[in-house]
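If you count by my numbering, then the sequence shown holds residues 4 to 193, one letter each, in order.
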Amino acid sequence: MKTKNTQPLMSRIWTLGLLVLAASLGTVAVALDTAALDKEVSATLDHFYTLNDQNKSLAEHATGVLVFPAVTKAGVGVGGEHGNGALLEKGKTVAYYSTSGASVGLTLGASRHSEVVLFNTQEALDKFVNSKGWSIGADASVAVVKTGAGGRYDTQSLTKPVLAFVFGEKGLMGDVSLAGGKINKLDTSK
4 MKTKNTQPLM SRIWTLGLLV LAASLGTVAV ALDTAALDKE VSATLDHFYT
54 LNDQNKSLAE HATGVLVFPA VTKAGVGVGG EHGNGALLEK GKTVAYYSTS
104 GASVGLTLGA SRHSEVVLFN TQEALDKFVN SKGWSIGADA SVAVVKTGAG
154 GRYDTQSLTK PVLAFVFGEK GLMGDVSLAG GKINKLDTSK
């Protein structure tokens, strides 16, 4: 009795996963359309404000607001994520950033979501701005904020120096987390 050879199937799955990863991370090298990104950031903030009555006040009192309008995650066995965003101080864009990451394991699907990160202290903002490859998941001062019953936030979370919000999830992906992604400043001088 012949046994079925699964090697070609596994090879194809890994190849597809690597292609998805390369496609998602390869977008970093594409020229950044800052005007279009600024419009997306503005629309994302407007949407963020409608999600909870407290969001606009939280953003207005933050020292810095980092917005990623669309972070795309995809993978089959090997996964990747990527998105471009902007850092705002006092409502004005001061720099552009990308978030990207890769994972190996039980990854299957594709999804897209938005992220807003509020830096509530100058110290937290300075730490972010001066870092090389900052990661939300690696910084203990970050609270990933979720709404509780009645749409209220956990008041203890709101006292953290950095608040991170994920919203607008679309697609099918088993994991929507902020752990593992690295955030790097983009050079827009070219």
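Glycine residues also receive a C-beta, built at the ideal position from the N, C-alpha and C atoms.
Computed from a prediction, not measured in an experiment: that's the story for all the values here.
Q) Which class does L69 belong to by DSSP, given the choice of helix, strand or coil? A) Three-state DSSP puts L69 in a strand.
Q.
Less than 9 Å between the C-beta atoms of G104 and V44, yes or no?
A. In this structure, V44 does not lie closer than 9 Å to G104 by Cβ.
Q | Proximity winner among T191, F170, K188, relative to F51 (alpha-carbon distances) | A | That would be F170, whose Cα lies nearest to the Cα of F51.
Q) G94 to K135, Cα distance in whole Å? A) Those two C-alpha atoms are separated by around 24 Å.
(Q) I need the straight-line Cα distance from A113 to G174, nearest angstrom please. (A) Approximately 6 Å, taken between the alpha carbons.
**Q.** Straight-line gap, L54 to E92 (C-alpha atoms, nearest Å)
**A.** Take the alpha-carbon of L54 and the one of E92: they are about 21 Å apart.
Q | Rounded separation between A77 and Y100 - CA only | A | For A77 and Y100, the distance between alpha carbons rounds to 20 Å.
Q. Is the beta carbon of V145 less than 9 Å from the beta carbon of P164?
A. Cβ atoms of V145 and P164: closer than 9 Å.
Q: Identify, in the order they occur along the chain, each residue of the same chain with its Cβ nearer than 7 Å to the Cβ of L35, setting aside the five sequence neighbours on each side.
A: The beta carbon of L35 is closer than 7 Å to those of N87, Y99, L189, T191 in its chain, skipping five residues each way along the sequence.
Q) Going by C-alpha distance, which of L48, D49, V70, Q57 is nearest T158? A) Nearest option by C-alpha distance: Q57.
**Q.** Integer-rounded CB distance, given that F168 should sit under 8 Å from E126
**A.** Not confirmed; about 21 Å, so no contact.
**Q.** Cβ neighbour criterion (16 or more within 10 Å) applied to E172
**A.** Label assigned to E172: exposed.
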